[in-house]
Structure formats: C-alpha cells, structure tokens
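**Q** Sharing a structure with you now.
Residue numbers (the numbering used here), protein chains in the order written: chain A, 18 to 143; chain B, 1335 to 1563; chain C, 11 to 271.
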C-alpha cells in the first residue's frame, strides 16, 4: 500500500493527481461527495493533514468544492472537468513526445508509429 | 507544544543527549529517527518525565515536566512488559481508572479495529497482538501529547500495517501531537508531517516532510542518508 | 481515590503469589512441628516452637511481600511510574494490600493458637493468653511495619544505585550504607537524651501474665525481679512508628526525584 506513492515527491501532489484521474475516469462523478479526509487517509495510508492539503489543492483548481458542514464535492461544472481532461492529455502527450524526440524520432515516424500502434491495439480489442 | 531548551542528559559518564534544542507544535505526526543509541528513547522519556535532564529544561504546554506530566502525556514504551494476569478488557478498565482522559468507548473501537478479543489473557497474546494492545491503550487517551517508542519494532508487516492505519484513524490531528521513534522509516514515510533526525545525542535536522520532497526532491530515507553521511 | 482503589485491586492480583508462598510455608512449618511432635510424643512442645517460629517469620512477611511486588514492578517501571499518581499513592497501595494479606494470615493463626493455648497451657488463665497474644500482635505488626519501611527506604536507594551500576555493586553499596546508617541511628538512640525521650510507658511481665503464681520460681526474690522486669516501652513503639513514617516519606522522595525508567 505504501508503494503507490514515490517517496521523493510531495505526497499531496501525487494524491491530487490520483484523484484527478479518478474524476476523469468517472470513478468520482460530478457532484459526488469525496470521502472524508480521514477515510481517504486510511484508504491510501497517508497522513490526514496531507489529504487535507490535497483537497485544498483540488479546491484551488476548482475541481472540487467544499460545502460548509457537508464535506467536499466533485464540481458539477462540466467546463472545468473538460479542461482538466484536456490538460492531463496535453501533459501526457508532452511527456511522450519529449521522450520520443530525445530518442531522435521524427514527427513522421511518431505519427506512423502511433497509427500502427492504434490499429494493432484496435484489432486486439476487436 | 513540546520545547526542549538546551537539554543535556548523562547516564554516569555516558552522554545520551547533548545541548538539544527542539520545538514541536501540536496537530502533527512527527518522526524522531536515528540509529540505535542516538538518544531517541531518552528524548521521549525526558518528555514523559520518566527521566530527568542533567541540564536544561523540558516543557510540555508551558508546564515544566515532572513525572506528573503523565496527566497530559501518553507514553508508549518500547519494552514488551505488561501485567500478565490481566485480560485485554481488564487492561482497558485499569488504564481507564488511572487516567481521567481515557476514552473507553474509543478504546473498544480501536480494539475492534485491531481485531483483539477483550477476553484474551495477556499472557496468551501473540507478540503482534501485544503490540496492538499497547497502541489501543495509548491512543484511547484524549491527551495533547502522545509519545510512541518504536511501536513497530519486532512486529510483522501485517501488524505494522494495522498500526499505521490505526494511527491515521484514531489520532486527533486537530489537537494532538504525536511523536514517534522508529527504525522502520518506510512504514511511516507517508504518515509523518515532520521528521527530526538525531545522531549521537544531537539533533542534526528537523524538516517538514512534504517540503523536503518539494524543495529537495528527497524522501525521508534519502534525506537521512544525506544528513548522516 | 477511585484510581487508587483500582490500583489496589491490581496490587492484590500482583501480590497474591507472595501471600500464597507465605501461607504454604507457614502451614508446612506448623504441620512439620505437629507431625514431628506426634512422632516424638511431644506434640505441644514442638507445635509451640513451630508457632513461635511462624510468628517471627511473620514479622518479615510485609517486607517480603513488598520485595516480591516491587521486583515485579522493577521490570516494568515505565508502566508503574507513568501515572499522575504520587509515589506515596503507589507505595501505600502496595503497603495496604500487604497489610491486608498479613492480617488475614495472622487472624487465622491467632484464632488457631488461642484454641491451642487454652487447651494446652492450663496454668495460664484466659486473660494472660489474650494479653500474650495481644502483645505478640502489636509486636509483630510494629516490627513488621518498621522493617517494611526500612526495606522501602533502602530499596529506593538500591534502585537509584542500580541505574548507574550493576545489581551486585549496587547491593553492596546499599548494604554498606545500611550498616553506616544503622550505626549512626544506634548511637543516636543510645544518647541519654534520646533514652529519656523514648523510655516511657514501660510494660512489665506482670502486666501481661496475670494471676500466675510466681511462687513456682524457687527464689522469691528472683520471682519478684522477673515479674517486674520491663519487656518493652510504649515509647519505643511510638519512636519506631515515627521513624518508619519518616523512612516511607524519604523513600517516596527518592523514587520521585532519583529513579528513572
């Protein structure tokens, strides 16, 4: 359980990433109530203070909102969720392209590679 | 709030702590790490009023520490000694009679969480379950300061995990300060707010763990390796 | 108070084996005396000797009990001392349980021996027997308390030493200190001023043994001297109790200030 986080990066950020993914995947739907700070802490074996910081972080990004006395909820603002979705896509692509460019692949090679890869994957799936 | 001001402790000619200054604030889970004999246990015993400083002053919430500080400090020893004729239930009843702030309801809740049978005799408990019971007795107090000396030592991963979860579940981080000494840094890596490193009786570092990760991209183990050289 | 009562309940459990050990030992001695006596055709005599021996042993019951109980605590000082309760509270809880066990054993013993004496020694009247047993009781308990307080005092010193040195050297040092303090105490009590202060309320043989014909003793002068010789002074009892209380307080102070976990 302790291994789901890298020890050399801030846990609150890693947890925020993790929760963003859960939201984008739809595991946490818009309007859903997040587990309490302590519940999340127990689930991922992390200090509740850190979880609290993650929630604040997500709140500052408008992904979640805390309602006084009720808890923290996933935003129902589809616009925000869409932009997060886009943002994470861009993030992943950036990393991917950086890696590919570092290895010396050209854009054409990458594009061809991607199409082939997707076709193959698609066949497997199909 | 715990403050150690210029605290030294000698046992005969052996120096256990050397001019230690330390300030710990409430609402945090703090790890005191260092090799064997570096002064971790001594620090905890001084804060619990079970040892007396040779020089300097120890205060808990402004009050100068004597043995009577047991009123606001819950101390868990690393020793595996207990009253063998007690049952689990009797241990809880006894603890509850001795400390006004002991929350019996909470104790039974933690007991359930730790899957202990109240009717078991202590002399028949496994080492792991004795370790769990110590945690129950120590966490069930509504006390501003909780000190835990090597709560994971000699326990298997399952038990260590249940203790970690128990800490997260039952510590009241709004009010309580928990100071924990341990070798098993991996175990507490994700639950500590702050880490204090001690070497040969001196404090060689005191950091917020998340800041360490943010500013130096270091986990506790990396940082320990660096400061210990 | 509730905390103290609860602590005392624990002490009963912790100290029970010491009580049972003493009880078995006493019964062993008494039945040994009885059966040996029966075999030798001298039951009363040997049983009396055994009874006397048990009485003397019983003086040491309280210190033995405290030794047993505190030895158990010594292994878990972090549990015993981690409490807001005063050391006086912790120790008195042990002393009270010890006394309770002591009284219980002694009561059984006194009732038994009263019956025995009444049947056997018909040359003593009932009052004498009650006086004798009463004196023995006072004697056993006062001396028991005194030795118990003495033990507590030196145990706390031993414990302080043992944190710096090994048990053997600590014991030797404590023992030397014991001899030294006893010598000072003895010299102090021998001062004529102290004698005047404490030699009051003398109890003589004929205060206890009433209606006994001292004429059995052949020499009338000797009989007179014997019946008027002082056995003890009430003043000494008071002195011993005061000293015991002082030693108890000193032990509390030493444990509070000097003993570490």
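Ideal placement from N, C-alpha and C gives every residue a C-beta, glycine not left out.
1) When the Cβ atoms of the stretch 111-120 of chain C are set against those of the stretch 1410-1428 of chain B, are three or more pairs found closer than 8 angstroms?
2) Who are the near neighbours of residue 27 of chain A in its chain, counting only those whose CB is closer than 8 angstroms to its CB and skipping five residues on each side?
3) Rounded to the nearest angstrom, what separates residue 256 of chain C and residue 250 of chain C at their Cα positions?
4) Where do the N-terminal and C-terminal ends of the alpha helix (DSSP H) with residue 42 of chain A fall, by residue?
5) Would you mind stating whether residue 1467 of chain B and residue 1514 of chain B have Cβ atoms separated by less than 9 angstroms?
6) When you compare only the Cα positions, how much space is there between residue 72 of chain A and residue 1455 of chain B?
7) Counting only beta-carbon separations shorter than 9 angstroms, does residue 104 of chain C have a partner in chain B?
8) Taking the alpha carbon of residue 49 of chain A as the point to measure from, which residue in A:66, A:75, A:92 and A:136 has its own alpha carbon closest?
9) Where does the unbroken alpha helix (DSSP H) through residue 112 of chain C begin, and where does it stop?
10) Using Cβ-Cβ distances below 7 angstroms, what residues of the stretch 1376-1407 of chain B are close to chain C?
11) Between which two residues does the alpha helix (DSSP H) carrying residue 1351 of chain B extend?
12) Would you give the residue range spanned by the beta strand (DSSP E) that residue 1390 of chain B belongs to?
13) Please go through the same chain and pick out, in chain order, the residues whose beta-carbon is closer than 6 angstroms to the beta-carbon of residue 57 of chain A, but skip the five residues on each side of it.
14) Nearest CA to the CA of residue 259 of chain C: which residue from C:36, C:161, C:110 and C:59?
15) Can you tell me which residues form a DSSP beta bridge with residue 1475 of chain B?
16) With a cut-off of 9 angstroms, does the C-beta of residue 1544 of chain B fall near any C-beta of chain A?
17) Which whole-angstrom value is the C-beta distance of residue 147 of chain C and residue 54 of chain C, which I expect to be below 8 angstroms?
18) Using the beta-carbon count (16 or more within 10 Å), is residue 1485 of chain B buried or exposed?
19) Among C:153, C:143, C:17 and C:59, which has the Cα closest to the Cα of residue 296 of chain C?
20) Can you check whether the CB of residue 1335 of chain B is closer than 9 angstroms to the CB of residue 1613 of chain B?
21) In this structure, how does DSSP classify residue 1541 of chain B when only helix, strand and coil are distinguished?
22) Which same chain residues, not among the five before or five after residue 1464 of chain B, have their C-beta less than 8 angstroms away from its C-beta?
23) List the endpoints of the continuous alpha helix (DSSP H) containing residue 69 of chain A.
24) So which residues of chain C does residue 1373 of chain B contact, with C-beta pairs closer than 8 angstroms?
25) Please report whether the beta-carbon of residue 93 of chain C lies at a distance below 9 angstroms from any beta-carbon of chain B.
26) Skipping 5 residues on each side, what residues in its chain have a beta carbon closer than 8 angstroms to that of residue 1511 of chain B?
27) Can you tell me which of the three DSSP states residue 110 of chain A falls into?
28) Please tell me whether, using a cut-off of 8 angstroms, the distance from the CB of residue 32 of chain A to the nearest non-hydrogen atom of the ligand HEM is below it.
29) Give the single residue among C:189, C:145, C:111 and C:159 whose Cα lies nearest to the Cα of residue 218 of chain C.
30) Compare the C-beta of residue 58 of chain A against all C-beta atoms of chain B and say whether one is closer than 9 angstroms.
31) What in chain B is Cβ-close to residue 72 of chain A, meaning under 7 angstroms?
32) Does the structure place the stretch 1518-1533 of chain B close enough to the stretch 1549-1561 of chain B that three or more beta carbon pairs sit under 8 angstroms?
33) For residue 1514 of chain B, list the residues DSSP reports as bridge partners.
**A** On the basis of the supplied data:
1) no
2) none
3) 10 angstroms
4) No alpha helix (DSSP H) holds residue 42 of chain A; DSSP gives it neither H nor E.
5) no
6) 44 angstroms
7) no
8) A:92
9) 97-130
10) 1379, 1382, 1384, 1385, 1386, 1401, 1402, 1404 and 1405
11) Here residue 1351 of chain B belongs to no alpha helix (DSSP H); instead the beta strand (DSSP E) covers 1348-1358.
12) 1389-1394
13) 68
14) C:161
15) B:1436
16) yes
17) About 22 angstroms separates the two Cβ atoms, so there is no contact after all.
18) buried
19) Residue coverage of chain C in this structure runs from 11 to 271, which leaves residue 296 of chain C outside it and unanswerable.
20) No answer is possible for residue 1613 of chain B: the residues shown for chain B start at 1335 and end at 1563.
21) strand
22) 1414, 1416 and 1456
23) 65-77
24) Result: empty, since nearest Cβ-Cβ is about 14 angstroms, beyond 8 angstroms.
25) yes
26) 1335, 1336, 1358, 1359, 1360, 1361, 1362, 1364, 1478, 1479 and 1480
27) helix
28) With respect to the ligand HEM, the structure shown offers nothing to examine, as it has no ligands at all.
29) C:145
30) yes
31) Going along chain B, no residue has its Cβ under 7 angstroms from residue 72 of chain A, so there is no contact; the nearest lies around 14 angstroms.
32) yes
33) B:1365 and B:1482
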